[in-house]
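Residue numbers (our numbering), protein chains in the order written: chain A, 4 to 342; chain B, 4 to 342; chain C, 4 to 342; chain D, 4 to 342.
No residue lacks a Cβ here, since even glycine has one placed at the ideal position from N, Cα and C.
To keep things clear, I will list the structure first and then write my remarks on it.
There are 4 protein chains.
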Amino acid sequence: MIVVMQPGCKPEQVDHVVQLVRQLGLRDHVIVGTNRTVVAAIGDKRNLDTSAIETAPMVERIVPILSPYKVVSKEVKIEPSVISIGKFGGLIGGKKVGVIAGPCRVESKLQLLEVAHAVREAGAIGLRGGAFKPRTDPYSFRGLGEEGLELLAVAGEQTKLAIVTEVMSVEQVELVCKYADVLQIGTRNMHNFGLLQRVGQTDKPILLKRGWSASLDEFLLAAEYIVNEGNRNVIMCERGIRTHETYVRNTLALSVVPAVKRRSHLPIIVDPSHGTGHAYMVPAMSRAAIAAGADGIIAEVHPDPEHALTDGAQSITPEAFKKLMPELRAIAHAVGRDL
Amino acid sequence: MIVVMQPGCKPEQVDHVVQLVRQLGLRDHVIVGTNRTVVAAIGDKRNLDTSAIETAPMVERIVPILSPYKVVSKEVKIEPSVISIGKFGGLIGGKKVGVIAGPCRVESKLQLLEVAHAVREAGAIGLRGGAFKPRTDPYSFRGLGEEGLELLAVAGEQTKLAIVTEVMSVEQVELVCKYADVLQIGTRNMHNFGLLQRVGQTDKPILLKRGWSASLDEFLLAAEYIVNEGNRNVIMCERGIRTHETYVRNTLALSVVPAVKRRSHLPIIVDPSHGTGHAYMVPAMSRAAIAAGADGIIAEVHPDPEHALTDGAQSITPEAFKKLMPELRAIAHAVGRDL
Amino acid sequence: MIVVMQPGCKPEQVDHVVQLVRQLGLRDHVIVGTNRTVVAAIGDKRNLDTSAIETAPMVERIVPILSPYKVVSKEVKIEPSVISIGKFGGLIGGKKVGVIAGPCRVESKLQLLEVAHAVREAGAIGLRGGAFKPRTDPYSFRGLGEEGLELLAVAGEQTKLAIVTEVMSVEQVELVCKYADVLQIGTRNMHNFGLLQRVGQTDKPILLKRGWSASLDEFLLAAEYIVNEGNRNVIMCERGIRTHETYVRNTLALSVVPAVKRRSHLPIIVDPSHGTGHAYMVPAMSRAAIAAGADGIIAEVHPDPEHALTDGAQSITPEAFKKLMPELRAIAHAVGRDL
Amino acid sequence: MIVVMQPGCKPEQVDHVVQLVRQLGLRDHVIVGTNRTVVAAIGDKRNLDTSAIETAPMVERIVPILSPYKVVSKEVKIEPSVISIGKFGGLIGGKKVGVIAGPCRVESKLQLLEVAHAVREAGAIGLRGGAFKPRTDPYSFRGLGEEGLELLAVAGEQTKLAIVTEVMSVEQVELVCKYADVLQIGTRNMHNFGLLQRVGQTDKPILLKRGWSASLDEFLLAAEYIVNEGNRNVIMCERGIRTHETYVRNTLALSVVPAVKRRSHLPIIVDPSHGTGHAYMVPAMSRAAIAAGADGIIAEVHPDPEHALTDGAQSITPEAFKKLMPELRAIAHAVGRDL
């Protein structure tokens, strides 16, 4: 941490800051510059809220130096983590690019199996589908519950796809673990620390979606919560952020892919469906994600988007998915990856 | 809902959209304009995800007409709701402007009582304080738990202040209800629909903070979740949004105050501490909030911000709070309100 | 500037950075911390692009310490600047809060005089009105040109109001200076450095609007461009920023008022019309601006907003303005100011 | 345009809106729905500011139906425009993906020729370089001026690359046209309508960069300004937008690529250098851009980024560029394009 003093600060004000730094158990180092005096505070106290020093007299601002996360960072592990999903050999990370696809929500056995077979044939390794769906609107239907989980498990067995489904609260974790291969933490729950800790105590891989307006540090800290509980199998997932743009539901911030890879050993995949909100953009942004170095995508596929009960506007058809996969494979090869 | 067709669409494509509209149980009304044909869909189906029509051939986009919330809107109740907090007569809404203040987190009995007495003398009607604190960083300390709640209850009794404290999960609701007068739903939980429904089943007033990047519709829909369960006592709270600005922790969007008042009968207060992140801005933005028509503020006050365990940078001292209150009172009077 | 090295960097890589720092004419100071080594670069080289050091091996990032502006900062002048506008004694800054009002665009002599007399009677000190209007849409009408300037000058004489009007290009400066008392630099031109320099060579006060997505540093740097040319009479103006919010045309970031006052001696006013985009919000946000400590407001007033050729949606009527002014005066007094 | 009335509006208030619609020369069509009455206004009046109707009594809001641009849209021309740049056969658009590369700023003949030869050999078709550089900071050096243009022209002749350089004001247009093959309109000037019109009167292709916070409609309207003057050769360029993200200089919004292609016949390229601000991200985001369907990229290449006078942090070396080009070519082929 660097404490920047205001111009014109007095020696006793610098001393006061030095005392505050020492009270935190940190070493101090004062540098008198041409226009500013700064106090460098040395030592690893990531767990302290040191911003309070800002309120000391004549302090201009505090500049943190250490990133707030540690176990997910490359400080701890250099080589990329490869994460195994499900019992049929699916891998995400390292050389392996993996594609997960399926409907927003499980609507019926027929719908689910139709999609599952189609995406499996096209080369997906995972089947997504919501049994419990968070709905911003209290009047919307909210999913089939355990029946949906059972259907997912059946579809997974039939098609040899890993099942990826969202868990929305601490109480659901045990139930969802019975059926799912990968637990998804949704955007709305990225900051739900109790839930992060609970899934960190399971042995299932976690697919962690970035919060709508989460900073990169917050995204990595959410993963840190999970890994800290002993579960190292976290797959990060970019799904778009809120910006001023209105032609998309969210702005897909693909730069986060190289940014995460520079800072962390964890794999990162991309959700082009929520990340755009419009089916016509999904193929383009899926290709872009793989080209940017993402370790996979998770896409919404529905046999009849016009009549989908949720998220129809951003779901592509099985036909569109079938056409997309060879393009993704060619791009993966162009960047030295396997899909 | 209005379905806008692309230029050059064919009659059978318009017919196809008309069929989709009718399948939703809505009446259709086709308007052929100079450059665009639109299909108006008439009827109240707020509970349907109608965006899927966007994927029909030659549809350009869907424009919703009805707002997605209803019971919190002025369609249902014109006059502003006045909400009673605690047993000592505190009111928020209508003519009444109410101030809630206290430390970010309960640290000790001494700290809490010092602040409670100070803010009470200055004219506050509520005492805020965290017993369970969500921390973005897994290494930060996270509160005293039930001991903190007990201290809050004691301080409330001694000072005749209503106790406002955050409830972070469904499981905590019962416990927090034992001690608190107002349940706060934090920013990170505005989209936690299970929690919203659970607090909607209590008889405590709810202080609902806006999510970091929540739209106005989503903010009002979160309140709708609560009110739908039978609890009409919701106090909205603006606490800043994520933008490109870096000189603040969040950008305090005060225009939301007149915007909520135009659409809803619920009161809205402002959090100038989280809404800026810097103690030096808190007095200015508290004054601005009342001038904009807010029904109150909730501010962080700490006897020794330099040594606060959390949020010190945005906490003002009891002295600063004492100086602020008469200014707020004068401004409340200038806008025809009581404080 | 602080250069933060990556963990695991080698001594020769630190040395390489030290060399780069010295080549810039700065002194170096290496601090070896527990987890990070940093190189502090000492000396005032605000004029150098030092970010290139980021590309040196094992550099994590660059942290600037000095703010990039100087002559507009409190490092150079502590007491607030008070700026005189026009020949009728209008003042903005220090104790004085000043209100500027008028139509978006000069449409006719009748319209202009009606508004001018109305706002003068209510207590305004300046008359705004566009003669040349930037229009995002190439099909919109773009103003009366010099005829509009003449009408403004006549109205100013008749009502003893200072004339505030926008200058949009270097070539217009001379012409506009013949008629106007204050030159307005619009949002779209905040980064037009040639224009900033040109108006910096005039002896007219400059009203500088913040760019749509300008950071605080960029806003102050734009003022620095003007002051550097010798014109110290710059009035900053917040007019809203682009965010994800859609219920407003822009998000009015009132925290910028205390933020500018902490950093600079220049006065700052607020535009509640562009800053919201909706007439119904203008009174609330005008009051909030004064309460936040703004040195004035600039508001759009039109005798018949429904038929205004431009910006009708955000224009208030003379009657609404007349009702607003006593509220603003009461709030100004509550914060120790005169209006 | 659709005018949405508030619930509870009276027939005479609807009539009043109908009158306003007719006064604009539009036809009216009233639809009485279950909860809302709307007035559809029919006719093409893109050139009117119709938002003023919002201020009429009991109007809730105005919903535009027509997009505000026309000549750049697919309403006018379906097939994608292919734009020829320079005299050496470079093409951008249709099947052709084109790469433009070079230093941020022309620093010396040696520097420029080294880069020009390197990027030409690697397969670029254009050489970028700034002769006049807008600098946010008034203390930064601002380019070689005409000498820089001469060096660019020499380098273009030697290497058979089209010269792309920024024109910053109306007065510079004639001079820059003497030397450049493509005129670049920078981000800060996307809303400089006088400049857009002036370059629209030249016969040079225009590379139009998106404004920092420009909406998609504003971006296309800026192109409309140019095309309206007779110059149809506009190349759109995404270069990142301002968001809350701080690990990048700008957030590269690649979804704008399929969005522009859905709406317009104009080609669109991507600037991965300004669009990220960090050299380490440039290869990943260049690949992503081509995969998303962009018609090319414009990248900053500098022989010695550590010592670049400007934008060193985001410049890649000629070696990195040479390694990148075959990857881009493979991705172009994967999406059915030539590079």
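When only Cα atoms are considered, H310 (chain B) and A158 (chain B) end up about 21 Å apart.
Within 10 angstroms of the beta-carbon of P329 (chain C) lie fewer than 16 other beta-carbons, which makes it exposed. Linking Y250 (chain C) to I166 (chain D) through their CA atoms gives a straight-line distance of about 44 Å. At least one CB atom of chain B sits nearer than 8 Å to the CB of H32 (chain D).
Closer than 9 Å at the C-beta level to chain D, one finds these residues of the stretch 236 to 250 of chain A: G243, I244, R245, T246, H247, E248, T249 and Y250. Residue pairing by DSSP places I86 (chain B) opposite B:I95 in a beta bridge. The stretch 274 to 283 of chain A and the stretch 70 to 81 of chain A do not touch, with fewer than 3 CB-CB distances between them shorter than 8 Å.
Contact holds between the stretch 106 to 122 of chain A and the stretch 310 to 322 of chain A, because three or more Cβ pairs, one in each stretch, are under 8 Å apart. Straight-line measurement puts the Cα of T40 (chain A) at about 6 Å from the Cα of I34 (chain A).
Taking 8 Å as the threshold, the shortest C-beta distance from R191 (chain A) to chain B falls below it. In this structure, the straight-line span from the alpha carbon of A226 (chain B) to that of K212 (chain B) is close to 10 Å. Per the coordinates, the alpha-carbon of G28 (chain C) lies some 59 Å from the alpha-carbon of P308 (chain C). Residue burial is scored here from C-beta neighbours: K112 (chain C) has fewer than 16 other C-beta atoms within 10 angstroms and is therefore classed as exposed. Judged by their CB atoms, M4 (chain A) and V62 (chain A) are not nearer to each other than the 8 Å cut-off. Cβ proximity to chain A below 7 Å picks out nothing from the stretch 95 to 124 of chain D.
Fewer than three pairs of CB atoms, one per stretch, sit closer than 8 Å, so the stretch 258 to 268 of chain D makes no contact with the stretch 255 to 267 of chain B. Between G197 (chain C) and V173 (chain C), the C-beta gap is smaller than 8 Å, which places the two residues in contact. Chain-ordered listing is empty here: chain A has no CB closer than 8 Å to the CB of I5 (chain B), the nearest sitting near 15 Å.
Take K325 (chain D), set aside five residues on each side of it, and the residues of its chain with a beta-carbon closer than 8 Å to its own are A121, E124 and A125, in chain order. Note on geometry: alpha-carbon atoms of T246 (chain B) and T53 (chain D) lie some 29 Å from one another.
Within chain B, not a single residue places a beta-carbon under 9 Å from that of E82 (chain D); the smallest gap is close to 14 Å. The DSSP assignment places no complete alpha helix (DSSP H) segment of no fewer than 4 residues inside the stretch 297 to 325 of chain B. Chain C places no beta carbon closer than 8 Å to that of I45 (chain B), leaving this residue out of the contacts. Between G203 (chain C) and I45 (chain A), the gap from beta carbon to beta carbon reaches 8 Å or more. Counting C-beta pairs closer than 8 Å gives three or more between the stretch 251 to 258 of chain C and the stretch 281 to 296 of chain C, which meets the contact rule. Rounded to the nearest angstrom, the Cβ distance from D47 (chain B) to N236 (chain D) is 50 Å, too far for a contact under 8 Å. DSSP places T162 (chain D) in the uninterrupted alpha helix (DSSP H) bounded by E149 to T162. Beta-bridge pairing by DSSP links V7 (chain C) to C:V41 and C:R64. Counting the other Cβ atoms within 10 Å of the Cβ of P60 (chain D) gives fewer than 16, which makes it exposed. Within chain C, not a single residue places a beta-carbon under 8 Å from that of I128 (chain A); the smallest gap is close to 34 Å. By DSSP's assignment, V273 (chain C) forms a beta bridge with C:E241 and C:I300. At least one C-beta of chain D is nearer than 8 Å to the C-beta of P308 (chain C). Interface criterion not met: the Cβ of E227 (chain C) is under 8 Å from no Cβ in chain A. For L130 (chain C) against L94 (chain C), the beta-carbon gap comes to about 16 Å, at or over 8 Å, which does not count as contact.
Within the same chain, Cβ atoms closer than 8 Å to the Cβ of K13 (chain D) are found at M61, the five residues on either side in sequence being excluded. Nearest C-alpha to E82 (chain D) among D:A55, D:I244, D:G97 and D:H336: D:G97.
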